[in-house]
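Going by the numbering used here, -5 is the number at position 11 of the sequence shown; the sequence numbering is gapless. Just so it is clear, CB atoms sit at the ideal spot from N, CA and C, and this is done for glycine as well. Here the structure is laid out as structure tokens; the discussion comes afterwards.
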Amino acid sequence: MSALEDIASERHITLPQLALAWLLAKGDDITPIPGTKRRKYLQENAAAADIQLKPEDIARIEATLAGYQISGERYSEGALKLVNR
-15 MSALEDIASE
-5 RHITLPQLAL
5 AWLLAKGDDI
15 TPIPGTKRRK
25 YLQENAAAAD
35 IQLKPEDIAR
45 IEATLAGYQI
55 SGERYSEGAL
65 KLVNR
């Protein structure tokens, strides 16, 4: 089990809810836009807005993500050629 799954399990939430709650905790200038086709996941995603992460949760999440690049281009160069064709 990963550290992120551990945090979600301790809080009794799903991993996607943890991700959304973390993004919402980052500030009012960040607006996560999750996509889903199923009502179950829409309701689950919406419930993430009510999750209040503790500062130590945020610190653990960010420590876990520290080794990863979490920003970049939305599309690869090849996929970009297919956009707006």
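Would you mind stating whether residue i and residue j have Cβ atoms separated by less than 8 angstroms?
i, j, result
"P7", "L(-1)", "The amino acid occupying residue 7 in the given sequence is Leu; Pro does not appear at that position. Contact flag unset, no."
"D41", "I(-9)", "yes"
Please report how far the alpha carbon of residue i lies from the alpha carbon of residue j, in whole angstroms.
i, j, result
"L66", "G19", "21 angstroms"
"I17", "N68", "21 angstroms"
"H(-4)", "T15", "23 angstroms"
"D12", "Y52", "23 angstroms"
Over the uninterrupted alpha helix (DSSP H) stretch that includes residue i, give me the two end residues.
i, result
"A31", "R23 to A31"
"S(-7)", "A(-13) to R(-5)"
"D34", "No alpha helix (DSSP H) contains D34, which DSSP labels as neither H nor E."
Could you give the DSSP three-state label for residue i: helix, strand or coil?
i, result
"G62", "helix"
"L2", "helix"
"D13", "coil"
"T20", "coil"
"E46", "helix"
"E57", "coil"
Please determine, among the options, the residue with the shortest C-alpha to C-alpha distance to residue i.
i, options, result
"L4", "S55, S(-7), L37 and A43", "L37"
"A30", "S(-14), A63 and Q1", "Q1"
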